[in-house]
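Asks: Here it is, the structure in full.
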Amino acid sequence: MGTAEDDAARGELIRQIAVVLDDLVSRAERARPGRSGADAEWLDRLLAELRPMAEQAHDLEVTRTIRDIVARHGAGPWPAEDVAAIADADPAAVRRILDALTAAGPAWPEPGAN
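To get my numbering, take the position in the sequence shown, counting from 1, and add 8.
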């Protein structure tokens, strides 16, 4: 386990990766209209690979935020909307991550959740 500075540096690197991937997706999406043939096929393949990578980078950011919340405030349960507000993330993405953590075992469902 590293120092708090190491952890902060890793978090910043993850944030930067997410920003770069978002930018690449945006550029490819803007370039797509009006393209045809091989150019369009290439952009479609590129977007099919970039979108999941960008989502995974954001998921990693949210997962780190959840870890930080638990470290500071205890195990919770933490409503997805609260985590989303703290992480400045999409509530649906937070719900997906919390559901995956619950299914894997390290998290418990919110009271009243299905």
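Don't be surprised by glycine CBs; every beta carbon is placed ideally from N, CA and C.
(1) Starting from A123 and walking both ways along the alpha helix (DSSP H), at which residues does that stretch end?
(2) By the DSSP assignment, the alpha helix (DSSP H) with G45 in it spans what residues?
(3) State the start and end residues of the unbroken alpha helix (DSSP H) segment that holds P87.
(4) Applying the criterion that 16 or more other CB atoms from any shown protein chain within 10 Å of the CB defines a buried residue, is A62 buried or exposed?
Replies: Quick look at the numbers:
(1) Since the first residue shown for the chain is 9 and the last is 122, residue 123 is missing from the structure and cannot be characterised.
(2) Where G45 is concerned, the enclosing alpha helix (DSSP H) starts and stops at G45 to H81.
(3) That residue, P87, is in no alpha helix (DSSP H); it is neither H nor E in DSSP.
(4) A62 counts as buried, since at least 16 other C-beta atoms from the protein chains shown sit within 10 angstroms of its C-beta.
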